[in-house]
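Per this note's numbering, the very first residue in the sequence shown carries number 861; after that it's consecutive. Don't be surprised by glycine CBs; every beta carbon is placed ideally from N, CA and C. Just so we're clear, the structure is a prediction, and the values are computed from it rather than from any experiment.
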Amino acid sequence: MACKIYQQQKRVKKFRTEYGGVKIGEVTVNMMYGGMRGINALITETSMVDPEEGVRFRGLTIPECRERLPRAEGGCEPLPEGLFWLLMTGEVPTKKQAQQLSCEWADRGKLPDHVIKMLKDMPKTLHPMSQFAAAITALSHDSHFAKAYSKGIPKKMYWLYCYEDCMDLIAKLILVAATIYRNLYREGKGCDKVDSKLDWSSNFTNMLTYDDKQFTELMRLYLTIHSDHEGGNVSAHTTHLVGSALSDPYLSLAAGMLGLAGPLHGLANQEVLSWVQKLQKETDNDLSEKNLKDYIWKTLKSGQVVPGYGHAVLRKTDPRYICLREFALKHQPNDPLCKLVLQLYEIVPPILTELGKVKSPWPNVDAHSGVLLQYYGMKEMQFYTVLFAVSRALGVLASLIWDRALGLPIERPKSLTTAALIERVCKEKYEMR
Ligand code: CMX
């Protein structure tokens, strides 16, 4: 990493010296009021999303990652360790390199007693994502970055301490998530034994008290594909923004995860399941086309969104959805819930198109992930966003390390009042009616 960072710093410096003044886009009034869609304003090295094709991790599509990233012994799905290596370095690791990461994360995987106690004392009614973010915040007690900064390290050393924190954090996240899960749904039973001979996902599913090789395979795929989605989504952007103030990686990640906990973002996987279950109940499991259409229209007419559908950037079916569908078709072709998801895929997009305002009527990743978890017995849908969060940490933390390596400054875009904007864009005086 030190060598790669040095080369990239040199490249960026030269590029900025030669082309720093070149304009790459324009900002319209609608972009300013419209959630900044389409404004090219961030540098994220780890991945990019094409509206038609979906995400590429360091240039590799999801099918390419499934093909090329190292797998566990006897497994078919990529190891998230390999994906993290790819995000960090831009290179596909060897199997041995991925195993070294598994081993290193296992070695770093221990929770301090104060965090275990804090999680135990939390009310069972507090959402798992709130518990997750609170525990990450409490882990900042041991931040190498914060300690080194307070001692006064030079800026060029920031990335190294940030890296140490991020590696610790990734190692500990599966313990935090599993502790929350067991406290809430397993009466605190089960243990946190991390085996350095096992991969990260195997250790995770063991700690979640699951003993099914296929579920572990699903987890490897799940943790790989949810990891990164370029820099402008709420969880990635928030982590990056908070990190730009040199808040330590724990605080930055906690902030990002709180963004992920919103129903328009990561919480949509939970929303999809409760929406689908309500559909089954309301139709008395008579899933005729008419009943499905009626239910979807009822959702829309009551002012709600159809969860799991639509996207701010994508304009085609999310390739993450497609690969989860492939997994379902391979391993559980007759599962009634998976069949219902397929049925909805036929029925929802034309209705959203008919609505007239939805830019993408296609399903995103959250439309499929929950039903797969249900199949393997993980019925506790409030926990689903925590799984998304464990995975998303890989991407946003890899980016955070690169942010510090490139010495990116505190982020501070300019905002305007409506009055100032009107004055700037209209020569004549404009009256708001
Ligand atoms: N159901 C109903 N209406 C929808 C819709 C959906 N699935 N998707 C978009 N729309 C509506 C918007 O609410 C908006 O309506 P208003 O103009 O009345 O406010 C209009 O269509 C235009 O929105 P858009 O430009 O197509 O979409 P945005 O970029 O504003 O929002 C997203 C994107 C994902 C928030 C939106 O599609 C949505 O709410 N989807 C459902 C929630 C969801 O699945 N979120 C998960 C996204 C993936 C992730 O981050 O994990």
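CB of residue 1157 within 9 Å of CB of residue 1211, strictly: Walking along the sequence shown from the start, residue 1157 turns up at place 297. Walking along the sequence shown from the start, residue 1211 turns up at place 351. In this structure, residue 1211 lies closer than 9 Å to residue 1157 by Cβ.
Supposed contact pair residue 1029 and residue 972 - C-beta distance, whole angstroms, cut 8 Å: Here the question's residue 972 lines up with position 112 in the sequence shown. Here the question's residue 1029 lines up with position 169 in the sequence shown. No, residue 972 and residue 1029 are not in contact; Cβ-Cβ is about 13 Å, not under 8 Å.
Heavy atom of the ligand CMX within 8 Å of residue 1243 beta-carbon: One-based indexing of the sequence shown puts residue 1243 at position 383. Outside the cutoff, so no.
Between the CA atoms of residue 1067 and residue 1053 - distance to the nearest angstrom: In the sequence shown, the residue the question calls residue 1053 occupies position 193. In the sequence shown, the residue the question calls residue 1067 occupies position 207. Using only the alpha carbons, I get a separation of about 7 Å.
Among 1039, 1033, 1216, 1020, nearest to residue 978 - alpha-carbon criterion: Within the sequence shown, the letter at position 118 stands for residue 978. For residue 978, the closest alpha carbon among the candidates 1039, 1033, 1216, 1020 is that of 1039.
Residues sharing a beta bridge with residue 910, DSSP: For the purposes of this step, residue 910 is taken as the residue at position 50 of the sequence shown. DSSP, once it has assigned bridges, lists 914 as partnering residue 910.
DSSP-derived helix/strand/coil call for residue 931: What you label residue 931 is simply residue 71 of the sequence shown in a count that begins at 1. In the structure shown, residue 931 sits in a strand (DSSP, three-state: E or B).
Unbroken stretches of the alpha helix (DSSP H), 4 residues or longer, contained in the segment 1053–1120: Within the segment 1053–1120, the alpha helix (DSSP H) runs of at least 4 residues that lie entirely inside it are, in chain order, 1060–1067, 1073–1085, 1094–1104, 1109–1120.
Opening and closing residue of the alpha helix (DSSP H) in which residue 1154 lies: Sequence index remark: in the sequence shown, residue 1154 carries index 294 (1-based). Membership of residue 1154 in the alpha helix (DSSP H) is indicated by the continuous run 1149–1161.
Beta-carbon proximity of residue 938 to residue 1084, cut-off 9 Å: Taking the sequence shown and counting its residues from 1, one reaches residue 938 at position 78. Taking the sequence shown and counting its residues from 1, one reaches residue 1084 at position 224. Contact annotation: residue 938 and residue 1084 have beta-carbon atoms nearer than 9 Å.
Reference residue 1274, options 1163, 865, 901, 1228, closest by Cα: The residue you call residue 1274 lines up with position 414 of the sequence shown. It is 901.
The ligand CMX heavy atom lying under 8 Å from the CB of residue 1155: Counting from one through the sequence shown, the residue named residue 1155 turns up at place 295. No; taking the cut-off as 8 Å, the Cβ of residue 1155 has no heavy atom of the ligand CMX nearer than that.
Nearest candidate by alpha-carbon position, reference residue 1258, set 1171, 961, 949: By one-based count along the sequence shown, residue 1258 stands at place 398. Minimum Cα-Cα distance from residue 1258 among the listed residues 1171, 961, 949 corresponds to 949.
C-beta contact flag for residue 989 and residue 1079 at 9 Å: Taking the first residue of the sequence shown as position 1, residue 989 is located at position 129. Taking the first residue of the sequence shown as position 1, residue 1079 is located at position 219. Cβ atoms of residue 989 and residue 1079: not closer than 9 Å.
Residues near residue 1201 by beta carbon distance below 8 Å, same chain, minus five either side: To locate residue 1201, count along the sequence shown from 1; it is residue 341. The residues are 1136, 1185, 1188, 1227, 1228, 1231.
Three or more C-beta pairs below 8 Å linking the segment 928–946 and the segment 960–974: Contact between the segment 928–946 and the segment 960–974 is established, with three or more Cβ pairs separated by less than 8 Å.
Beta-bridge pairing of residue 1193 - partner residues as DSSP gives them: The sequence position of residue 1193 within the sequence shown is 333, counting from 1. Residue 1193 is not bridged to any residue.
Three or more C-beta pairs below 8 Å linking the segment 1086–1096 and the segment 919–938: Contact between the segment 1086–1096 and the segment 919–938 is absent: fewer than three C-beta pairs spanning the two stretches fall below 8 Å.
Selected residue, minimal CA-CA separation from residue 1243, among 1100, 1037, 922, 1279: One-based indexing of the sequence shown puts residue 1243 at position 383. Taking only the C-alpha atoms, the option nearest residue 1243 is 1037.
Validate contact between the segment 1263–1273 and the segment 1017–1034 using beta carbons, cut 8 Å, 3 pairs: Per the Cβ contact rule, the segment 1263–1273 is in contact with the segment 1017–1034 (3 or more Cβ pairs under 8 Å).
Inter-stretch contact at 8 Å, needing at least 3 Cβ pairs: the segment 907–923 / the segment 1173–1183: The segment 907–923 vs the segment 1173–1183: in contact.
7 Å Cβ shell around residue 1220 - same chain, five flanking residues per side excluded: One-based indexing of the sequence shown puts residue 1220 at position 360. Within the same chain, residue 1220 has close Cβ partners 1170, 1171, 1174, 1175.
Contact the segment 1117–1133 vs the segment 980–1000: 3+ CB pairs below 8 Å: Contact between the segment 1117–1133 and the segment 980–1000 is present, because at least three Cβ pairs lie under 8 Å.
Distance CB(residue 876)-CB(residue 1096) smaller than 9 Å: Locating residue 876 in the sequence shown gives position 16, where the first residue counts as 1. Locating residue 1096 in the sequence shown gives position 236, where the first residue counts as 1. Their beta carbons are not under 9 Å apart, which means residue 876 does not touch residue 1096 by this criterion.
Simplified DSSP state of residue 1127, which is helix, strand or coil: Locating residue 1127 in the sequence shown gives position 267, where the first residue counts as 1. The three-state secondary structure of residue 1127, taken from DSSP, is coil.
Bridge partner(s) assigned by DSSP for residue 1223: Translated into the one-based positions of the sequence shown, residue 1223 becomes position 363. Answer is 1169.
Burial state of residue 861, where buried means 16 or more other Cβ atoms lie within 10 Å: Residue 861 sits at position 1 when you count from the first residue of the sequence shown. Counting the other CB atoms within 10 Å of its CB gives residue 861 a total below 16, which places it among the exposed residues.
Inter-residue CB distance, residue 891 and residue 899 (contact presumed, cutoff 8 Å): By 1-based counting over the sequence shown, the position of residue 891 is 31. By 1-based counting over the sequence shown, the position of residue 899 is 39. Confirmed, about 5 Å.
Which listed residue (936, 1213, 1225, 1113) has its alpha carbon closest to that of residue 1126: Taking the sequence shown and counting its residues from 1, the one referred to as residue 1126 is at position 266. Nearest C-alpha to residue 1126: 1225.
Reduced DSSP secondary structure (H/G/I, E/B, other) of residue 1014: Within the sequence shown, numbered from 1, the residue matching residue 1014 stands at position 154. If DSSP states are grouped into helix, strand and coil, residue 1014 belongs with coil.
Alpha helix (DSSP H) segment containing residue 890, residue limits: In the sequence shown, the residue the question calls residue 890 occupies position 30. Looking at the DSSP string, the run of the alpha helix (DSSP H) that includes residue 890 is 889–893.
Proximity test, residue 1164 beta-carbon vs the ligand CMX heavy atom, cut-off 8 Å: Residue 1164 sits at position 304 when you count from the first residue of the sequence shown. True, at least one ligand heavy atom lies under 8 Å from that Cβ.
Limits of the unbroken alpha helix (DSSP H) element including residue 992: Taking the first residue of the sequence shown as 1, we reach residue 992 at position 132. DSSP places residue 992 inside the alpha helix (DSSP H), whose first and last residues are 988–999.
Residue environment, residue 1056, which counts as buried when at least 16 other CB atoms sit within 10 Å: Here residue 1056 is taken as the residue at index 196 of the sequence shown, counted from 1. By the 10 Å Cβ count, residue 1056 comes out exposed.
Cβ distance (whole Å) where residue 1254 is taken to contact residue 920 below 8 Å: As a position in the sequence shown, residue 1254 is number 394, starting the count at 1. As a position in the sequence shown, residue 920 is number 60, starting the count at 1. Not quite, the Cβ-Cβ distance comes to about 15 Å (not below 8 Å), so this is no contact.
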